[in-house]
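Enquirer: Provided herewith is a single structure, encoded as structure tokens, for subsequent inquiry.
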Amino acid sequence: MNLHNTWPKRPTAKGSPNVLLFLTDDVGFGACSTFGGPIQTPNLDALAGSGVRFSQFHTTAMCSPTRAALLTGRNSHRVGMGRVTARPSYYDGYTSVIPRTAGTIADILRASGYHTAMFGKGHITPEWEMSALGPFDRWPTGLGFDYFYGFLGFDTNMWAPDLVENTTYIDDKHAGKHFDETLADCAIQWIFDQKATAPEEPFFIYYASGTAHSPHHAPEAWLQKYRGRFDLGWDELRRETFERQKRLKLLPQDTVLTERPDNLPAWTTLSPTQKLLASRLMEAYAAALDHCDHHVGRILASLKELGELDNTFVLFIQGDNGGSAEGGFNGLLFEQSWANGFDEAFEDQLKQIHEIGGPKAYNHFPAAWGWAINAPFKYYKQVASHFGGTRNGLVMSWPGVIADHGSVRAQFHHVVDVLPTILEAAGVEAPNSINGILQDSIDGTSMLYAARSAEAPPARITQVFESMQNVGVYHDGWMACSTPENDPWEGFASRKTTELDDKSWELYYLSSDFSQAIDLASREPERLEQMKRLFGSLAASNNILPIHSPALGAEGKPSLGSARRSFSFRRRIRRLHNDAAPHTVGRSFTINCKVVVGPNGGNGVIACHGSSVCGYSFYLKDSIPVFYYNAISPCTCRVAATQRLNVGESTITARLTMERNAPGAAAKITIEVNGAVVAEGRVARTLRTFLNQNGFNVGGDSVSATSPEYKLEESEFDGELGVLTFDLA
């Protein structure tokens, strides 16, 4: 028996490169300067100058599916992520639950001696697993990352982010800073700490900024930089982008610039005020992406300072899908309006035009800008049948290994190919099992061969696509796809299921038609039928079937709070997750609590749920009970008593009574003190959904102030709270 040298050993990856994987959000192929777009991204330009650009790289057309496919190397439906986590269904391909048989790149690299960290947007955790109690298996730290700093949902207020560190919801300690700056600060510090602790060991960082998903927030100086830059309009912008793309040799010279969809307006048909608002919204998007690129540059500069840049394999995916059309025709001052099915009056938007990009707006540009930045392709995010939804720019850089700097690669590839590419660069083989669990096969294939040789034949000859019932299949230069049936700005609940046999199909020969411009379906009916059969086979083997509306399949979805009618809280509660909180949408409710007010008066929040954009708050203001309901500006309602509470104990009650038993209906609001009604009011509509991760609070607010009448730092209740009960009708 060997009684010596029995210390446990950590696996080592000495000599392997660091790996830095960037992913941005809702950035179309033709958005940034690196791929011919109008938005300046000098740091990505420089990275491409020291590496190669891929002009035929694809995502899934939506956030969560792309992220799941990226991390696991498997087609998104095979790992349960056929749609975003907010719209799961009980079919295998759509549950939003990544199985343990689909280990991530972080799992594999950590087991091989890498230090792993993730920064930014998650959007891969089932909503019913996002409470502070977990389970944490599908939080980033449960998916192979030693460290996580970011947010779990689909977007966040960049001026007041809903933060998570590892498995803990935390307060933002950097008030007033844009989140992209804070995120880069944290990543840089982690890199320096890692190299100080284990200088010879490599790291893997997955850096997923929420930019440029709405809200399109940016500091004022960056907003000013783009003033007037988009007054030319989306049609001319797209044409200019197309010409730059050809000059950069990103497209074959015979590529056709596809036409604007019939349901989007020509820029020339807009009034001067419509053009003003549309331009301002696009300026904010551009400023946000440019600002994000600036902080990417800081991260790369930190590696250079450490002498690690030449030993770092960098992949930068510019967008998890194409540009978004979810802003509708005029754009939005508040993204939440779209999710709630509320129309924003153009006059109200104009009144708040000065807030665009700042902390008082949650803005999203018009759909036509989303189309324009996807040049030269058709359509936009959600539309997996066409490259406007799935074609994204990829830059790969590895100084000293990847030569032919500044060149373009045209091999067809998909986001599932990122995992095997990283494994090849790291010199690591995919394991048969992880933590004792046998692993499913990986769908991806490495792209390093293409980085080394522009002339190498493509390793990927087949790929299946599906998102929001938009389907497609690529095989050996051909693409068969369905014609989109729904517009992205339409509410999910109104969409109907269209059976596969009832879809209208298109056919393209991409080898001579780069942009899907020439539909050959009527000329090649036999080939189209072959491609449709191929799609059916791949759809069956990849858990894509049944293809169904996002309005279907939610029955029986796990939930911590949806079935509860009564809640009791006995002390300060911070950021109780939406799924665990009282589900008030479409329901009447009553909040009741005993409070003790001192001789100096009482101030602070009794209970609230929401954010500065929408939600409700019940609070004391100078000992006066107030209930504030924000159904998205300008639809707000403030109900307040006329007299202050007496010093000592009082029982205060807030009641919201729906006028109809339907989400979005108007409601009556009543405040009672010691059983007597002291104030009444009416809100013209109520929220149909809660679209933030700020959560429910008792005894104070969190993340951003739900009422404009108090500041977040002053929201803590300064008296005594008894047991608070919350009852739903």
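Numbering (this note's numbering), first residue to last: 345 to 1073. We put the CB at the ideal spot given by N, CA and C, even for glycine.
1. In angstroms, rounded to a whole number, what distance separates the CA positions of His-730 and Leu-1056?
2. Excluding sequence positions up to five away, which residues of its chain have a Cβ less than 6 Å from the Cβ of Leu-592?
3. Distance check for Phe-879 and Gly-666, CA to CA, integer angstroms please.
4. Note down, one range per segment and in chain order, each beta strand (DSSP E) of at least 3 residues found wholly within the segment 720-790.
5. Start and end of the alpha helix (DSSP H) containing Val-640?
6. DSSP state of Leu-365, grouped into three classes?
7. Pair every Cβ in the segment 1015-1026 with every Cβ in the segment 1049-1066, then say whether three or more of these pairs are closer than 8 Å.
8. So what's Asp-1071 in DSSP terms, helix, strand or just coil?
9. Name the DSSP beta bridge partners of Val-396, please?
10. Taking just the CA atoms, how far does Gly-488 sit from Gln-783?
11. In angstroms, rounded to a whole number, what distance separates the CA positions of Leu-851 and Gly-900?
12. Buried or exposed for Lys-695, going by 16 or more other Cβ atoms inside 10 Å?
13. DSSP three-state label for His-698, please.
14. Would you call the segment 400-409 and the segment 749-759 touching, i.e. three or more CB-CB distances under 8 Å?
15. With burial defined as no fewer than 16 other Cβ atoms inside 10 Å of the residue's Cβ, what is the status of Glu-520: buried or exposed?
16. Among all the DSSP beta bridges, which residues are the ones paired with Val-957?
17. Going by DSSP, what residue range makes up the alpha helix (DSSP H) through Thr-416?
18. Sort Thr-469, Thr-599, Ser-558 and Thr-378 by Cα distance to Ser-856 and report the nearest one.
19. Taking only the alpha-carbon atoms, compute the straight-line gap between Trp-682 and Ser-777 and give it to the nearest angstrom.
20. Alpha carbons only, please: which of Thr-460, His-467 and Gly-395 is nearest the one belonging to Val-428?
21. Touching or not, the segment 425-445 and the segment 761-771, by the rule of three or more beta carbon pairs under 8 Å?
22. Report the option in Leu-896, Thr-1033 and Thr-997 whose CA atom is closest to the CA atom of Gly-959.
23. Nearest by alpha-carbon distance to Glu-564: which of Trp-503, Asn-655 and Leu-601 is it?
24. What residue does the beta strand (DSSP E) around Phe-548 start on, and which one ends it?
25. Once DSSP output is grouped into helix, strand and coil, what is the label at Phe-911?
26. In terms of residue numbering, what span does the alpha helix (DSSP H) encompassing Ile-452 cover?
27. Which value, in whole angstroms, describes the spacing of the CA atoms of Leu-453 and Val-939?
28. Counting Cβ pairs closer than 8 Å, one from the segment 944-957 and one from the segment 1023-1030, do we hit at least three?
29. Using 8 Å as the cut-off, classify the Cβ of Ser-797 as near or not near the heavy atoms of the ligand SAM, replying yes or no.
30. Helix, strand or coil: how does DSSP classify Phe-657 here?
31. If you count every other CB in all the chains shown that lies within 10 Å of the CB of Gly-1066, and 16 or more means buried, which is it?
32. Is Pro-484 buried or exposed, if buried means 16 or more other CB atoms sit within 10 Å of its CB?
33. Does Trp-822 pass the burial test, meaning 16 or more other C-beta atoms within 10 Å, or should it be called exposed?
34. Give the range of the alpha helix (DSSP H) segment to which Cys-530 is assigned.
35. State yes or no: is the C-beta of Ser-961 within less than 9 Å of the C-beta of Thr-1050?
36. Take Leu-496 as the anchor and find which of Thr-1069, Glu-1060 and Gly-1039 has the nearest alpha-carbon.
Expert: Taking the definition as stated:
1. C-alpha separation (whole angstroms): 44 Å.
2. Once the five neighbours on either side are set aside, the close Cβ partners of Leu-592 are Gly-380.
3. Roughly 22 Å separates the two Cα atoms.
4. Taking only runs of at least 3 residues, the beta strand (DSSP E) segments lying wholly in the segment 720-790 are 735-741 and 751-753.
5. Residue range 616-650 is occupied by the alpha helix (DSSP H) that includes Val-640.
6. Strand at Leu-365.
7. In short, these stretches do not touch, since the Cβ pair count stays below three.
8. Looking at Asp-1071 - three-state DSSP - the assignment turns out to be strand.
9. DSSP output for Val-396 lists Met-740 and Ser-751 as bridge partner(s).
10. Their Cα atoms are separated by approximately 15 Å.
11. Answer to the nearest angstrom: the Cα atoms are 39 Å apart.
12. A residue is called buried once 16 or more other Cβ atoms fall within 10 Å of its Cβ, and Lys-695, having fewer, is exposed.
13. His-698 sits in a helix when the DSSP states are folded into three classes.
14. Result yes; three or more Cβ-Cβ pairs closer than 8 Å.
15. Rather than Glu, the amino acid found at residue 520 in this sequence is Gly. Under this definition Gly-520 is an exposed residue.
16. Paired residue(s): none; Val-957 is not in a bridge.
17. Run containing Thr-416: 407-416, per the alpha helix (DSSP H) assignment.
18. Checking every option, the nearest Cα to that of Ser-856 belongs to Thr-599.
19. Roughly 43 Å separates the two Cα atoms.
20. With distances taken between Cα atoms, Val-428 lies closest to His-467.
21. Not touching, per the Cβ criterion.
22. Checking every option, the nearest Cα to that of Gly-959 belongs to Thr-1033.
23. Looking at the Cα atoms, Trp-503 is the closest of the given residues.
24. Run containing Phe-548: 547-552, per the beta strand (DSSP E) assignment.
25. DSSP places Phe-911 in the strand class (E or B) of the three-state scheme.
26. Counting along the chain, the unbroken alpha helix (DSSP H) around Ile-452 starts and ends at 449-455.
27. Whole-angstrom Cα-Cα distance: 53 Å.
28. No, because fewer than three Cβ pairs between the segment 944-957 and the segment 1023-1030 fall closer than 8 Å, the two stretches do not touch.
29. The ligand SAM is not part of the structure shown, which contains no ligands of any sort.
30. Per DSSP, reduced to three states, the secondary structure at Phe-657 is strand.
31. Exposed, by the Cβ-count rule.
32. So Pro-484 ends up on the buried side.
33. Per the 10 Å Cβ criterion, buried.
34. 523-541 is the extent of the alpha helix (DSSP H) around Cys-530.
35. The answer is yes: Cβ separation under 9 Å.
36. When C-alpha distances from Leu-496 are compared across Thr-1069, Glu-1060 and Gly-1039, the shortest belongs to Gly-1039.
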